[in-house]
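Quick note: to get this note's numbering, add 65 to the position in the sequence shown (first position is 1). Note that beta-carbon positions come from the ideal geometry of N, C-alpha and C, so glycine has one too. Heads up: the structure comes next, in structure tokens.
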Amino acid sequence: MRILIPVPTFERAGGFRVLAELATHWRAAGADVDFLVDHRSAEPYFPTTARILRFDRQGLLHEEARRVAFAPGINAWSIYLGMWRALNQIGGEYNVILANHSFTTFPVWLSSAARQCKFYYIQAYEPQLYEHPPGLRSAVFRFVSRLSYRLPLKRIVNSPLYFRYAEIRSERWIPPGIDERLFWRRPAPPVFVADRPIWIGTVGRTEPIKGTVDVLSAFEQFAAREPRAHLRVAFGNLPAGWSHPRCEVVVPRNDAELAEFYRGVDILVAPGRCQLGACHYPVMEALACGTPVVTTGYLPADEENAWIVPVCAPDRIAAAVSDIAATAPETLRAKLDRGAEAMAPFAWPHVAGKFLGVFSAGAGP
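What follows is the structure, given as structure tokens:
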């Protein structure tokens, strides 16, 4: 089986990690997998064994990156025009062309490749990601991303939430995966005793929908009454002017260091504000690492394996952190056991195999 994955550039977002891991595991299973990317893109941040094909605006392929600066205002047009032209040249050589980001759907759909090879993996409802900042540009992006869900592509979603969500319609879901070689369970649950700090962790994000400000507010409340409280924020992205003497920022350089971050905190807080019921990597990774999780309700967290709180409720986050710190060790271990069980279907070989099954069956939209 030959699989082509067109992307505009390689980025550090979680969706690109998913594509890189899928490509590597598909190759391990015997598939021939290529990325099709703009020639100005840097090398992949997330390593992959897939071959990388680079196109220019004319759709011509290049062996190596051409270090030409991206020019604001014309990037999108030149990228997607070149992607469409390249797909017209080589798309017919592949059994599967996998659109991913909503903007990649249009070159895939318009290309001359056969319709039965065109798939769309939906990892989020993207229009909500373009609500901030307000303005014409964001409104155009919302319209285009909504329109992508109407195109006649074979849709696969990453959570049952998206079976019938706004404009999205699908009958198949396959989750993102976890590398169990990196995100392995810590040897023992965290211990909460009087003479030991309580390390609360979160992944800092600038987008309001990610809820970073809710974590910071909750920490301020908890730290005001608990001198053992400390906060560790991965990647920073704190609001301008915010600081706390018991907060530190760490910047993991790779997934191995990110996994150590999860195992190095006593509690992980992931309080997103939208699309509850979707898969969320910080929740998945922390559960896999055996770290207690406080979240607003992302897969695979539930009341049996995590602490679920309402959206935009820092006081409830602070209360959940207090509850975890007061939980009996045997009760905490049992909850973490259930979290590990919930993560079993998310191993990359299992996830990659499910995709290959769908591709082979050639299911409809």
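The three-state reading of DSSP puts H127 in strand, counting E and B together.
With a minimum length of 4 residues, the unbroken runs of alpha helix (DSSP H) contained wholly in the region 243 to 317 fall at 277 to 290. Cβ-Cβ distances below 8 Å link D380 to A283, Q286 in the same chain, with the five nearest sequence neighbours on each side left out; the list follows chain order. Here P71 is bridged, per DSSP, to L101. Straight through space, the alpha carbons of P273 and T89 are spaced by roughly 33 Å. Under DSSP, I117 forms a beta bridge with F100. At least 8 Å separates the beta-carbon of D331 from that of P252.
Distance from the CA of L341 to the CA of A412, rounded to the nearest whole angstrom, comes to 22 Å.
Under the DSSP assignment, A164 falls in the beta strand (DSSP E) whose first and last residues are 161 to 164. Within the region 321 to 389, the complete beta strand (DSSP E) segments at least 3 residues long are 332 to 335, 358 to 360, listed from N- to C-terminus.
If you draw a straight line from the Cα of V83 to the Cα of F300, it is about 19 Å long. Exclusion of the five residues before and after V268 leaves A299, P347 as the residues of its chain whose Cβ lies within less than 6 Å of its Cβ. Only residues of its own chain outside the window of five on either side were considered, and among them T89, R92 have a CB closer than 6 Å to the CB of T114, listed in chain order. Put simply, of A385, L125, R211 the residue whose alpha carbon is nearest the alpha carbon of P192 is R211. A Cβ-Cβ contact shorter than 8 Å links D279 with P336.
Residues of the same chain with a CB within less than 6 Å of the CB of R270, apart from the 5 flanking positions on each side, are T277, N302 in chain order. Taken through DSSP and simplified to helix, strand or coil, Y195 comes out as helix.
Comparing alpha-carbon positions, the option among G306, P240, A294 lying closest to P410 turns out to be P240. Going by beta carbons, S143 and R122 fall inside the 8 Å limit. About 29 Å separates the CB atoms of R246 and N160; that is not less than 8 Å, and the two are not in contact. Per DSSP, reduced to three states, the secondary structure at I239 is coil, with no helix or strand assignment. From the listed residues L281, V315, C339, the smallest Cα separation to V386 is found for L281. Taking a contact as a CB-CB distance under 8 Å, the pair P71 and V173 counts as one, their CB atoms being some 7 Å apart. P225 places its beta carbon less than 8 Å from that of W238. Assigned with DSSP and collapsed to three states, A412 falls in strand. Counting along the chain, Y145 sits inside the alpha helix (DSSP H) bounded by residues 140 to 155.
In this structure the region 353 to 366 does not lie against the region 94 to 105, because fewer than three pairs of beta carbons, one per stretch, are closer than 8 Å. Distance between E369 and L401, taken at the CA atoms: about 9 Å. Between the alpha carbons of G124 and R229 lies a gap of roughly 36 Å.
Looking from the CA of G156, the closest CA among H166, F120, E128, V374 belongs to F120. Counting along the chain, R202 sits inside the alpha helix (DSSP H) bounded by residues 201 to 213. A direct Cα-to-Cα measurement between V102 and S177 gives close to 18 Å. For R82, there is no enclosing beta strand (DSSP E); the residue is part of the alpha helix (DSSP H) that begins and ends at 79 to 93. In the structure shown, the three-state DSSP call for F424 is helix.
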